[in-house]
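Position 305, counted from 1, in the sequence shown is what full-length UniProt numbering calls 305; the numbers after and before it change by one each time, with no gaps. Heads up, the beta-carbon is just placed ideally off N, CA and C, and yes, glycines get one too. The structure presented is a predicted model; accordingly, all values stated were derived computationally and were not measured.
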Amino acid sequence: AILDSSRQFLAVAEDTTSPRTSYTPFSFTLATAIRELHRSLSLALLAETSPQTLTQVIKCLAFLVSNAPYHRLRPGLLSQLWKQIRPYVRHRDATVRVSVLTLYGALVTTQAPLQEVQLLLQQPEESGCSFPGSFTPQDSSLSWRQRSGTASPARAPAASSQLSSCTQSPRLPQTPGEGASSPPWLLQLCVLLVTQPRENQSDSEGAGGGSALEPPPVRLAALQVLSYLVRGYFSLTQSSMGDIGQVSARCLGETDSSIQLHGAKLLEEFGTGVILQYRAESNIPESSRIPVYQVVQFWSEVLSGPLNRALQNEQDPILQASACDTLASILPQAFAQLPDKTQLMCITMLLGLTYIENYLVKMAAVRALGVYILFPCLREDVMFVADTANIILAAIEDRSRNVRSKAAWSLANLTDTLIVNMQSVGVDFQEELSDMLLLKMLQAATQASTDKDKVKSNAVRVLGNLLHFLRDSQMTRSAFQRPLEDAVRALIRTVLSDATMKVRWNACYALGNAFRNPTLPLDSAPWSHDAFSALCHVVTSCENFKVRIKSAAALAVPARRDCYGDAKRFGCIWHSLAMALENSEDTNDFLEYRYSASLRHTLSQALLHLLSVSELQDMPILSTSLAGEEGRGIKVHLIKYLKETEGGGEKDEEAEGERNSSGTGCPPQQRIAGVQQTLIRLQELKPGGEGVSEERGKEMVILFLEDLLKMCEEF
């Protein structure tokens with residue numbers, strides 16, 4: 001009970017370096033206590049013979065492993081424990097075997113992937129079988145599985161030969177060469193525990209038939225460890241793809257619902273691992289990835305097996321939901337190469353399951369459709385987009401908040417694809433999509449923006465995408481004008497609300513996304529002033545720096561000067577950005593300082609953007625700002641921005657659906673070239689009868705930019 005949930009307390013422990021002789025830091029003292037716990041529990045493990053006591057000792061070790069920060073401790077603790085508990089996998093008592101598997105599960109999940117555990121998994125089997133002193137005094141009574149295999153090698157069960165990569169049984173010695181190329185011993189063990197009959201068992205829970213499988217708790221624990229292995233150490237398990245598929249298929253074909261569920265979850269974990277390998281940001285070389293054709297073969301076999309029955313098993317909604325999650329874990333590139341009838345089966349099944357009353361099934365099916373809508377092979381299919389949109393629109397009004405949350409997320413993904421198609425396919429796709437459907441989505445998202453924060457955070461994403469997607473012919477229609485204004489005002493309310501920060505920065509991004517639509521009437525719409533005022537307010541006053549970053553980025557989106565309104569509004573936006581830059585380090589929350597560089601980067605970019613679109617009417621306001629103390633502070637920050645070699649814009653994983661189009665990653669030469677172009681444009685501005693103050697202001701701004709460029713050259 002003491003170790004349970006102790007992670008936050010133990011997190012400060014560290015002994016990777018020797019402490020100073022003058023004093024012993026608390027982190028080192030805590031690390032010493034963890035080592036002493038390991039030593040004491042290891043001694044208890046050796047001394048105890050009672051199955052009940054052994055179970056508690058091993059569970060205590062599992063809690064310790066789950067909570068201790070081994071990445072901050074000297075290696076060796078886990079290696080010793082790994083070797084010591086290995087014989088107990090063969091203990092006569094099933095409860096002890098379950099606790100050992102639970103401990104192995106903790107070992108492969110703690111700070112995964114952990115280098116020490118990775119090395120242990122890669123060791124040949126023989127290096128972990130006979131460590132001097134690692135066997136307990138009662139070892140002669142533990143090895144029922146090893147004894148039966150050694151005494152009667154000819155009677156090895158057929159199940160082991162059915163698994164292609166499990167030709168080396170965990171109980172048989174291997175040569176170093178074989179061990180180096182074979183799957184991890186722990187994976188082989190778990191596969192055998194799930195699939196292989198026990199021989200000559202004398203366990204109290206069911207001695208008798210030689211074909212009896214391990215008790216369900218042992219098999220479930222083994223399946224759980226397999227899932228953890230796949231999740232944390234995918235590169236070591238990917239060679240066993242065929243075995244994992246066969247184990248999952250076998251589990252899905254059984255009658256025990258818990259076994260079926262764990263089989264489906266194992267498939268989902270493996271599918272997710274493949275997807276992570278193929279993500280754009282993955283640093284895994286192509287030669288180390290599972291080839292797409294093998295992934296296609298894997299899913300072809302899985303989808304032609306018992307997974308279909310699980311999807312249709314209305315008596316077990318939890319299994320149905322898990323099967324939907326499994327369908328959502330198919331690699332998009334592999335899905336595109338599946339036979340047409342298989343693709344159609346997946347889509348039809350998911351569309352049908354959204355009508356199931358059980359909220360778990362509906363939620364999983366809607367989420368899976370939200371994944372499929374991002375597939376390149378499906379997103380340009382207008383019929384699929386329309387069918388999916390109608391399904392999601394029904395789900396977003398469901399009485400279950402969880403269903404509404406997933407529906408909002410899926411609708412946000414769907415509108416992301418609208419933007420992608422608008423840029424890749426062009427106006428043809430926009431014209432094919434029904435105006436009525438777009439109007440329904442706009443109204444549904446506006447309504448959802450008043451829901452709970454989990455729904456609201458994605459509803460505002462939808463609004464931003466739709467406002468970006470709409471064409472001029474749609475926005476001028478009377479049917480769209482009121483919903484359009486309601487949508488923008490919903491974003492403004494959310495930006496200014498007391499919602500969670502994630503919701504507010506998504507709303508700020510959504511406004512910036514809407515501003516990218518050149519047909520949006522920013523210069524004349526009645527809500528335009530309120531939209532800019534809301535962004536100016538949060539960029540100067542919000543405590544959360546990420547909200548400030550998103551609002552500053554949004555203010556820099558409009559590409560034309562007339563979008564910013566008259567000179568007074570333009571000046572207010574300029575002063576807000578300048579004030580935010582001056583106060584970019586003022587915060588009471590120390591955690592916000594990590595975003596201060598990103599904030600200054602975005603604010604500097606926004607100020608230069610305003611200069612690049614400014615006209616003669618703006619020169620008096622700009623020159624007044626740049627000639628005073630405010631201008632000196634701006635110049636210092638702009639020099640840093642223009643000379644920095646790395647983009648300061650932080651990558652925001654939480655504000656889903658965003659695309660980096662602000663150019664934060666451009667090199668210094670490109671930024672300086674942009675300032676030079678602004679300077680040339682201002683020099684070419686001709687007086688339009690505005691007066692002497694505009695011309696003098698222009699000269700002051702030109703001098704500021706010339707001085708800025710000169711100082712950049714000197715650094």
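Using the Cα positions of residue i and residue j, report the straight-line distance between them to the nearest angstrom.
i           : j      : result
ASN506      : ALA323 : 31 Å
PRO51       : ALA368 : 44 Å
residue 717 : LEU114 : As displayed, the chain neither begins before 1 nor continues past 715, which places residue 717 out of reach and without an answer.
LEU187      : LYS452 : 43 Å
VAL292      : GLN333 : 7 Å
LEU107      : VAL117 : 7 Å
ALA44       : SER27  : 26 Å
SER5        : LYS550 : 35 Å
SER612      : ALA394 : 45 Å
HIS575      : TRP299 : 57 Å
GLN8        : THR110 : 14 Å
SER693      : LEU703 : 15 Å
ASP707      : GLU629 : 16 Å
VAL76       : ALA249 : Note that residue 76 is Gly in the sequence shown, not Val. Rounded to whole angstroms, GLY76 to ALA249 spans 38 Å at the Cα level.
GLU714      : CYS666 : 21 Å
SER282      : PHE375 : 18 Å
GLU644      : LEU10  : 39 Å
MET436      : GLY565 : 31 Å
Establish whether the CB of residue i and some CB of chain B are separated by less than 8 Å.
i     : result
TYR23 : Of the chains in the structure shown, none is chain B; there is only one protein chain.
Tell me where the alpha helix (DSSP H) around residue i begins and ends.
i           : result
GLN677      : 668-683
ASN588      : Per DSSP, ASN588 belongs to no alpha helix (DSSP H) and is neither H nor E.
LEU30       : 26-47
TRP82       : 77-85
GLN238      : From DSSP, GLN238 is part of no alpha helix (DSSP H); its letter is neither H nor E.
GLN447      : 435-448
CYS377      : 376-379
LYS382      : What sits at residue 382 in the sequence shown is Val, not Lys. It spans 382-395 - the alpha helix (DSSP H) in which VAL382 sits, taken as one unbroken run.
ASP15       : Unbroken run through ASP15: none, as it is neither H nor E.
LYS454      : 453-469
GLY697      : 692-714
residue 722 : Because residue 722 is not part of the residues shown, which for the chain are 1 to 715, the question remains open.
HIS609      : 596-613
TYR293      : 292-303
THR519      : First-last for THR519: undefined, no H or E at that position.
GLY628      : Neither: GLY628 is in no alpha helix (DSSP H) and is coded neither H nor E.
Could you give the C-beta distance for residue i and residue j, rounded to a whole number, given that I count them as a contact under 8 Å?
i      : j      : result
LEU626 : VAL539 : At roughly 19 Å, the Cβ-Cβ gap does not stay under 8 Å, so LEU626 and VAL539 are not in contact.
THR417 : ARG379 : 4 Å
LEU679 : LEU642 : With 8 Å as the limit, LEU679 and LEU642 do not qualify as a contact, their Cβ atoms being about 13 Å apart.
GLN260 : CYS251 : 6 Å
LEU555 : LEU577 : 7 Å
LEU101 : ALA221 : 4 Å
VAL225 : CYS190 : 5 Å
SER227 : PRO183 : At roughly 15 Å, the Cβ-Cβ gap does not stay under 8 Å, so SER227 and PRO183 are not in contact.
LEU438 : GLN474 : 7 Å
ILE639 : MET579 : Contact doesn't hold; Cβ gap of about 19 Å is too wide.
ILE492 : ALA531 : 6 Å
SER584 : SER596 : 6 Å
THR483 : THR446 : Note that residue 483 corresponds to Pro in the displayed sequence, not to Thr. That pair is a contact at about 7 Å.
Should residue i and residue j be called a contact, given that it needs their Cβ atoms to be closer than 8 Å?
i           : j      : result
VAL295      : VAL274 : yes
GLN320      : VAL361 : yes
ARG561      : SER614 : yes
LEU331      : LEU350 : no
LEU581      : ILE621 : no
residue 719 : THR195 : Residue 719 lies beyond the stretch modelled for the chain, which goes from 1 to 715, so this question has no answer here.
ALA552      : THR602 : yes
GLY253      : PRO216 : no
LEU535      : CYS508 : yes
LEU267      : LEU223 : no
HIS468      : ALA525 : no
ALA62       : TYR233 : no
LYS456      : ALA499 : yes
LEU73       : VAL57  : no
ILE391      : ALA408 : no
Are there any heavy atoms of the ligand MN lying less than 7 Å away from the beta-carbon of residue i, as far as the coordinates show?
i      : result
ALA336 : Of the ligands one can find in the structure shown there are none, so the ligand MN has no counterpart to examine.
Fill in: Stretch-stretch touch, CB-based, cutoff 8 Å, three pairs: the segment 89-101 with the segment 66-76
no
Fill in: Given 8 Å, three or more beta-carbon pairs between the segment 478-488 and the segment 433-444
yes
Worksheet item: Does the segment 350-364 come within contact of the segment 408-415, defined as at least 3 CB pairs closer than 8 Å?
Response: no
Worksheet item: Would you call the segment 453-470 and the segment 395-414 touching, i.e. three or more CB-CB distances under 8 Å?
Response: yes
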